[in-house]
Amino acid sequence: MNVFRLLGDISHLLAIIILLLKIWKTRSCAGISGRSQVLFAVVYTARYLDLFTSYISAYNSIMKLVFLAASYGTIYLMFIKFKASYDHNHDTFRIEFLILPCVLLSLLINHEFSPLEILWTFSIYLESVAILPQLFMVSKTGEAESITSHYLFALGSYRALYILNWIYRYYAESHYDVIAIVAGIVQTVLYCDFFYLYITKGIYGQ
Amino acid sequence: DEPAEEHDEL
Numbered sequence: 004m005n006v007f008r009l010l011g012d013i014s015h016l017l018a019i020i021i022l023l024l025k026i027w028k029t030r031s032c033a034g035i036s037g038r039s040q041v042l043f044a045v046v047y048t049a050r051y052l053d054l055f056t057s058y059i060s061a062y063n064s065i066m067k068l069v070f071l072a073a074s075y076g077t078i079y080l081m082f083i084k085f086k087a088s089y090d091h092n093h094d095t096f097r098i099e100f101l102i103l104p105c106v107l108l109s110l111l112i113n114h115e116f117s118p119l120e121i122l123w124t125f126s127i128y129l130e131s132v133a134i135l136p137q138l139f140m141v142s143k144t145g146e147a148e149s150i151t152s153h154y155l156f157a158l159g160s161y162r163a164l165y166i167l168n169w170i171y172r173y174y175a176e177s178h179y180d181v182i183a184i185v186a187g188i189v190q191t192v193l194y195c196d197f198f199y200l201y202i203t204k205g206i207y208g209q
Numbered sequence: 009d010e011p012a013e014e015h016d017e018l
């Protein structure tokens, strides 16, 4: 564990909490892509199946459980409790165009051709593009509530901080994982346009 | 490709 990794995890946790609080406090999930949230639930489920097979640390296990619970909690709020506020007319990104290539790619490019490893690889690929329905929704409606922007900023920062973590680990521990690094860079690049708007609007806006 | 090892990140 290094400071970049810790900050990345905190940022990830913060994003999930911001989203849950936003939905809970406003009793509405307007402006949030249910499709992205479903993809994230698939990502966490596929990746954290190793909860049953390998123990790394209490921190690791607890965080995994928190991410899973928060993700399914968000889906419950969006699709059941506050269903009426779900803006499905604007949430039209075809997620099969993301899922199928990720399935194929994880079967072709992985560290080991075993079920759990392929699921882990699939989750890494899918996570890198899972935000696209949300970004598509924001661009379609032309605006995002500021709280939604904070959510996106925290979520994007998490993988950007992980890149620093991977650079650190490469030099400090000679540890690297090509699949995670490349997918993480792709993921971060997808946020760049949003980061630019968030920062310039934050500084020069209002 | 390097062999699979435990994924210790989240």
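Chains A and B, in that order, are what the protein sequence lines are.
Per my numbering, the very first residue in the first sequence carries number 4; after that it's consecutive.
Per my numbering, the very first residue in the second sequence carries number 9; after that it's consecutive.
Think of the CB as a built atom: it goes at the ideal place given N, C-alpha and C, for glycine as much as any other residue.
Please read all numbers here as calculations on a predicted model, not as lab measurements.
Residues of chain B with a Cβ closer than 8 Å to the Cβ of ARG8(A) are, in chain order, GLU17. Straight across, the Cα-Cα distance linking LEU110(A) with PHE116(A) is about 7 Å.
By the criterion of a C-beta distance shorter than 6 Å, GLN137(A) is surrounded in its chain by SER36, SER39, once the five residues flanking it on both sides are discounted.
Residue contact with chain B for MET66(A): present (Cβ-Cβ distance below 7 Å to some residue of chain B). For SER57(A), the nearest CB of chain B lies under 7 Å from its own CB, placing it at the interface with that chain. Secondary structure of GLY34(A) (DSSP, three-state): coil. Between ALA73(A) and LEU23(A), the alpha-carbon positions lie close to 8 Å from each other. Taking 7 Å as the cut-off, the Cβ atoms of ILE26(A) and LEU71(A) do not count as close. When the Cα atoms are used, SER88(A) and ARG30(A) turn out to be separated by approximately 8 Å. Residues of the segment 123-153 of chain A that bring their beta carbon within less than 8 Å of a beta carbon in chain B comprise TRP123, in sequence order.
In this structure, ALA49(A) sits near SER126(A), with a CB-CB distance shorter than 7 Å. When DSSP states are grouped into helix, strand and coil, ASP16(B) belongs to the coil group. Under the three-state reduction of DSSP, GLU115(A) is assigned to coil, being neither helix nor strand. DSSP, reduced to helix, strand and coil, places ARG97(A) outside both helices and strands of the structure shown, so it counts as coil.
Residue burial is scored here from C-beta neighbours: LEU68(A) has fewer than 16 other C-beta atoms within 10 angstroms and is therefore classed as exposed. Collapsing the DSSP output to three states places THR124(A) in a helix.
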